[in-house]
Every structure is written in structure tokens, then in C-alpha cells.
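Q: Following the working numbering, the numbering of the sequence shown begins with 5 at its first residue and continues without gaps.
Think of the CB as a built atom: it goes at the ideal place given N, C-alpha and C, for glycine as much as any other residue.
Everything numeric in this text was worked out from a predicted model, so none of it was measured.
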Amino acid sequence: MNHDENIDYSQPVAYDTNGRPLYAHPPKDSVHQKSHEDALKQAVHIARAAEPIKQKLSDSTIRRHKESVKRFPKLNLTDGEFVISVVKRHPIGVYIPVGFAALLILLIVVGLVNYPTLVPSGRPSLASFVMPSLSLAGLISLGAYVVAYVYYKNRFILTNESVIQETQQTLFAHREQTVSLVNIEDVSYTQHGILQMLFNYGSIRLSTEGEETTYRFQYVENPKKQVATLHNAVEAFKNGRPIG
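1) Apply the 10 Å Cβ neighbour rule to Val114 and answer buried if 16 or more other Cβ atoms are within range, or exposed otherwise.
2) So what does Val191 bridge to, in DSSP terms?
3) At what residues does the alpha helix (DSSP H) containing Leu234 begin and finish?
4) Excluding the 5 residues preceding and the 5 following Ile109 in the sequence, name in chain order all residues of the same chain whose CB lies nearer than 6 Å to its CB.
5) Under a three-way DSSP split, which group does Glu170 fall into?
6) With distance defined between alpha-carbon atoms, name the residue in Gln169, Val151 and Lys74 nearest to Gln181.
7) What's the call for Pro120, buried or exposed, on a 16-neighbour Cβ count within 10 Å?
8) Since Val123 is in the alpha helix (DSSP H), which residue starts that stretch and which ends it?
9) Relative to the C-alpha of Lys228, which residue among Tyr205, Asp190 and Ser137 is closest?
10) If Phe76 and Val87 are in contact, beta carbons under 8 Å, what's the gap, nearest whole angstrom?
11) What residue range does the beta strand (DSSP E) around His178 cover?
12) Between the alpha carbons of Met135 and Asp63, how many angstroms are there, rounded?
13) Assign Leu249 to one of three DSSP states: helix, strand, or coil.
14) With DSSP as the reference, label Arg2 as helix, strand or coil.
15) Using CA atoms only, rank isn't needed, just tell me which of Arg24, Pro25, Asn80 and Arg209 is closest to Thr163.
16) Measuring straight from C-alpha to C-alpha, what distance separates His49 and Ala232?
17) Going by CA-CA distance only, name the one from Val183, Ile247 and Glu239 that's closest to Arg220.
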């Protein structure tokens, strides 16, 4: 006895996400047959290799990838990914804090040298001020170094596949964001004021598609040149051209 004879093929066995019926066998009813054919049209079959074929990389790409891994061991670079440029901050951003620290140290040294003139009585003695003054000068120097270190640790790294933004807020607060070049929609820069025009620095702005996230990087040295490099890399990546 054939058990299939007891199955009612005119009734659906399930429904798809749009509420259309799915049948175990093409029904004889023309209406159901049409619904079944519509459901089949929605099906998409994708063949995937068990082991995807790796893209063949040129000798130049392999060489530049190895050099980038050696220069930037902390970056998570994929196979064939290499660093094109590093966008650093202009040194003008540390001129004021470092200059102020240098001025304070100079005042301390001048005070020690001229102590006999400033305090003719010699009391308290100069020796009692030497160590505290030198310690204070050392702390000021250390503070200036920390400010400069944190300032320069903020940078943009452009690779042939993505842009990596490293943000250093304090000695113990570091953040890294990676944006694929395919997601970058717009690259621009701005310069405001006579200082930025005179010393040739400004701000870079990157905007992405979809989520409309905006990334900004300030105190960029020669922003026009950096934006041109970024823009060329984005266009080359999206159009499948080699990136220099």
C-alpha cells in the first residue's frame, strides 16, 4: 500500500516569512499551483566552496604587508593589507603646554642662581631649596612629556583596506576604531583662522554610509595633502584599482 495516497497535497505544510503557503508537492489546484510557483521564485540557492580560494597577491603587496607588520606590530592587519600613510598631529598643539613648562623650569633655575641676591640674609639656606626645586622642575618636565606623548599618540592610519583611528585621551585611556574604505562616503578638511593657514594645519572629517557616523581628527599637518591621499585610496578601493 502506498502511504503517499493518504497525504493531502493540496494543504500547505508550512508558511514562509511573508505568510505564503509552502507545499510538499505541487498541488493540482491551479491557485495553489501558482502560490507554489511564487514561493519557489523566492528561493535562492547559493553554492559555497568548502575551502574558499585565496586571492593571489602580488609580490609588491606581500612585501609591503610584511613591512607594515614589522613597523606596526600592534595593528591587526589582514593578509595583503599594508599601511599607506600615517596622519599625525601638527606640533603646534604642544607648543603652549611645553613652552609653559619650559618657562616654569627657567624661573626655578633663575631663582636658585640668584638666591643670594634675592635673600641676602641667607636664611633659610640655599641648600634647603635645591632638592625641592629640582624635584619640582623634574615633575614639570615629566608633565610636559606626558602631555606631548598623549598628544602624538592620537593619529589616523590609512591602509589599502581601512582607516584606523587611534585615540589617546590619557596615559591609561586608549581607543581604536577601524572603518573600511568601502563604507567611507565623504572625506573633507577645514582650516579656520590665520594660525591654521600660516602653519598649515586643520581638521579632517570622515563620514560613513548607512549609520552616518562622522569621524574627526584635529591639528592635522598639511590637511589638504592628507585628504587627497585618503580620497584617492577610497576611490581606488571602491573601483578595484591598485592603491599606491
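A: So, from the listed chains and residues:
1) Around the beta-carbon of Val114, fewer than 16 other beta-carbon atoms lie within 10 Å, marking it exposed.
2) Leu210.
3) Its alpha helix (DSSP H) spans residues Pro227 to Lys242.
4) Ala141 and Ile144
5) In this structure, DSSP gives Glu170 an extended state, which the three-state scheme calls strand.
6) Residue Gln169 is the option with its Cα nearest to Gln181.
7) By the Cβ-count criterion, Pro120 is exposed, with fewer than 16 other Cβ atoms from all chains shown falling within 10 Å of its own Cβ.
8) First-last for Val123: undefined, no H or E at that position.
9) In terms of Cα proximity to Lys228, the closest of Tyr205, Asp190 and Ser137 is Tyr205.
10) 6 Å
11) Ala177 to Ser184 is the extent of the beta strand (DSSP E) around His178.
12) 60 Å
13) Within the shown structure, residues of the chain are numbered from 5 to 248, placing residue 249 beyond reach of any answer.
14) In the structure as shown, the chain begins at 5 and stops at 248. Residue 2 is therefore absent and cannot be evaluated.
15) Checking every option, the nearest Cα to that of Thr163 belongs to Asn80.
16) The predicted position of His49 is uncertain, since its pLDDT is 49 and thus under 50; a value taken from the coordinates is nonetheless stated next. Whole-angstrom Cα-Cα distance: 42 Å.
17) Val183
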